[in-house]
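Here's the structure we're looking at; comments come further down.
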Amino acid sequence: MASSSTSNSPCAACKFLRRKCLPGCIFAPYFPPEEPQKFANVHKIFGASNVSKLLNEIMPHQREDAVNSLAYEAEARMKDPVYGCVGAISVLQRQVMRLQKELDATNADLMRFTSNDMSNSSFSVFPGQYGARMGHGGGSFDHNSGFSLPYASPWNNNPTGGSSEEGGDGTM
Amino acid sequence: MTLKGGTSQACAACKYQRRRCSPECPLAPYFPPDQPKMFQNAHKLFGVSNILKILKQLNTVQKMEAMRSIIYQANIRDRFPVHGCCWVMSQLQYQIQQAEEELYAVLAQIAFFQQQKQQQQQQEINNNNNVNDSASQLQALSLFHQEAPVNADASALPIASSYPNVAAAYSSGYPDHKDNLVNSFWEYDEMHPFFDTIDDRQSYIDSKEAYDSRYVHNCDVIVDDSKEYPSGSDSSLKDTTQSVEHIADNELKSAAACFSLTSVN
């Protein structure tokens with residue numbers, strides 16, 4: 001994906017900003033001239049100076065991921081000026097909650113079913129790894145994994161805004 | 001909040017920019033002065049002019065929602081400078097995947113136990129039928145009762161009148177439980193159209209067909225395992241049938257002897 005800044009063609013950023021693309025251009029490796037819309041979105045939402053400062057603050061080997069995430073967030077904000085990519089986060093969070101409820105209900109059904117069966121007759125355990133799953137009323141995954149919901153919901157006790165339960169950056 | 005000469009304190013945005021906060025300040029409602037970090041994050045990622053450009057095209061209600069999302073996005077970017085909100089989304093997608101897998105496992109377990117219960121009930125019915133049939137065979141046999149079946153079909157025996165009662169009792173109880181289970185499965189199927197609307201960049205969610213095939217596969221596995229259960233009722237039924245045939249043959253022979261003695265040649 002990274003294009004060399006020594007090529008004759010200026011990068012998409014310098015093309016858009018109508019300036020000379022110098023050899024040390026910080027945008028050149030991540031905004032190839034073949035993808036002009038990518039930089040246009042990022043510049044419109046965040047601004048070239050903000051992106052430049054942000055890229056200078058992180059390690060070079062992480063800059064490509066940072067640019068890609070910024071490009072995704074900028075495109076989401078262009079499509080939905082009100083919620084941007086946060087709308088997708090809310091949808092995913094609601095799905096997690098819904099799945100958790102479904103899982104709790106299914107586990108309760110399983111417990112009821114097996115308790116009725118145990119009182120009637122003996123039965124063999126389901127083969128393999130699923131035997132250990134019995135008795136887990138709340139599921140085995142943690143739906144409160146250290147970042148708060150964007151907005152308050154009936155199942156969220158955290159206030160809006162970021163909480164500092166996790167530090168640093170996660171790797172994808 | 002402190003008051004100076006009747007004027008309210010400057011908002012966090014104007015404080016940061018070191019300018020006078022007018023009553024018409026567009027950012028004052030969203031950046032209270034006691035949370036300077038919030039504005040710093042938003043300013044670092046978006047910038048004041050870009051925020052105002054976004055708010056310009058929205059109405060009052062949308063402005064509040066937009067600012068909440070902007071502030072949230074900026075805070076997440078402050079916590080995760082490289083991936084920002086994309087990391088949060090990937091974590092949520094992973095949680096969804098884990099929850100789905102666990103849900104499939106629990107559903108498979110329920111189906112397995114349901115299958116076991118059905119087989120146990122079927123065995124109990126067969127055992128009850130065998131006991132009743134062997135007792136009534138000796139009473140119901142006559143000279144002309146030649147249709148004793150060779151195969152192990154219990155329904156053809158004379159005592160089949162009591163069998164429908166058992167079958168009715170079995171069938172009346174079973175569909176209720178089956179309907180409850182099917183209804184709960186339909187509720188799980190309803191989630192899949194909702195999954196289809198998620199961003200397609202990461203294909204972590206199986207299609208409905210894949211879900212159905214997986215569930216059917218689990219059921220097939222369960223059915224295959226059930227074949228290992230011994231069917232003892234068939235062997236006992238065959239023994240009873242053979243004894244019935246033996247008794248019938250003896251009766252026929254004695255009857256034939258009677259006819260031959262009285263025949264007129």
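Chains as they are written, first to last, in UniProt numbering: chain A, 1 to 172; chain B, 1 to 265. Yeah, the Cβ is synthetic: ideal placement off N, Cα and C, and Gly gets one too. Since the structure is predicted, the reported quantities are computational estimates derived from the model, not experimental observations.
Helix, strand or coil, according to DSSP, for residue 83 of chain B in the structure here?
Looking at residue 83 of chain B - three-state DSSP - the assignment turns out to be coil, as it is neither helix nor strand.
How should residue 119 of chain B be labelled, buried or exposed, when 16 other C-beta atoms within 10 angstroms of its C-beta is the threshold for buried?
Counting Cβ neighbours within 10 Å, residue 119 of chain B comes out exposed, since fewer than 16 surround it.
Quick check: the Cα distance between residue 83 of chain A and residue 70 of chain A, rounded to an integer number of angstroms?
Residue 83 of chain A and residue 70 of chain A: Cα-Cα distance of roughly 15 angstroms.
Thinking C-alpha only, which one of B:59, B:82, B:65 is nearest residue 63 of chain A?
Taking only the C-alpha atoms, the option nearest residue 63 of chain A is B:82.
Taking residue 16 of chain B as part of the alpha helix (DSSP H), name the residues at either end of that continuous run.
Taken as a continuous stretch (DSSP letters only), the alpha helix (DSSP H) holding residue 16 of chain B covers 12-17.
Would residue 69 of chain B count as contacting chain A if we go by Cβ distances under 8 angstroms?
It does; some Cβ of chain A falls within 8 angstroms.
Please report whether the beta-carbon of residue 82 of chain B lies at a distance below 8 angstroms from any beta-carbon of chain A.
Output row for residue 82 of chain B: interface = yes.
Kindly say whether residue 42 of chain A, judged by its beta-carbon, lies nearer than 8 angstroms to any beta-carbon of chain B.
Taking Cβ atoms only, chain B never reaches closer than 8 angstroms to residue 42 of chain A, which makes this a no.
Rounded to whole angstroms, what is the Cα-Cα separation between residue 69 of chain B and residue 47 of chain B?
Residue 69 of chain B and residue 47 of chain B: Cα-Cα distance of roughly 15 angstroms.
Distance check for residue 115 of chain A and residue 85 of chain A, CA to CA, integer angstroms please.
Approximately 45 angstroms between the Cα atoms of the pair.
CB-CB under 6 angstroms to residue 20 of chain A, same chain, minus the five flanking residues each way: which ones, in chain order?
So the list is empty, once near-sequence residues are dropped.
I need the boundaries of the alpha helix (DSSP H) containing residue 51 of chain A, first residue and last residue.
48-57 is the span of the alpha helix (DSSP H), which, as asked, contains residue 51 of chain A.
Let me see if you follow: with CB-CB separation under 8 angstroms, is residue 13 of chain B close to chain A or not?
It does not; no Cβ of chain A falls within 8 angstroms.
Suppose the cutoff is 8 angstroms on Cβ atoms and the five residues either side in sequence are ignored; what does the same chain contact list for residue 52 of chain A look like?
The answer, listed in chain order, is 26, 27.
Residue 50 of chain B versus chain A: which residues are under 9 angstroms apart at the beta carbon?
Going along chain A in sequence order, the residues near residue 50 of chain B (Cβ under 9 angstroms) are 44, 45, 46, 47, 50.
Less than 8 angstroms between the CB atoms is what I'm expecting for residue 33 of chain A and residue 48 of chain A, so what's the real figure, rounded?
Wrong, their Cβ atoms sit about 16 angstroms apart, outside the cutoff.
Strictly below 9 angstroms CB to CB, what residues from chain A border residue 85 of chain B?
Those within 9 angstroms of residue 85 of chain B in chain A are 69, 72, 73, 76, 84, 85, 86, 88, 89.
Return the CA-CA distance between residue 42 of chain A and residue 75 of chain A, expressed in angstroms with no decimal places.
C-alpha separation (whole angstroms): 8 angstroms.
How many angstroms separate the CA atom of residue 106 of chain A from the CA atom of residue 56 of chain A?
Straight-line Cα distance between these residues: approximately 50 angstroms.
Count the other CB atoms within 10 Å of the CB of residue 66 of chain A; is the residue buried (16 or more) or exposed (fewer)?
Label assigned to residue 66 of chain A: buried.
For residue 26 of chain A, does the three-state DSSP call read helix, strand or coil?
Of the three classes helix, strand and coil, the one that applies to residue 26 of chain A here is coil, per DSSP.
For residue 46 of chain B, return the contacting residues in chain A, with the cut-off set at a CB-CB distance below 8 angstroms.
Per Cβ cutoff of 8 angstroms: 45, 46, 47, 50.
Counting beta carbon pairs with one atom in the region 70-78 of chain B and one in the region 29-43 of chain B, are three or more of them shorter than 8 angstroms?
In short, these stretches touch, since the Cβ pair count reaches three.
What distance in whole Å lies between the Cβ atoms of residue 92 of chain B and residue 92 of chain A, which are believed to be in contact at a cut-off of 8 angstroms?
Right, their Cβ atoms sit about 4 angstroms apart.
In chain order, what residues of the same chain lie with their CB nearer than 8 angstroms to the CB of residue 223 of chain B, ignoring the 5 residues before and after it?
Note that residue 223 of chain B has pLDDT 36, beneath the 50 cutoff, so the model's placement of it is unreliable and the number below is only indicative. Closer than 8 angstroms at Cβ, skipping near neighbours: 115.
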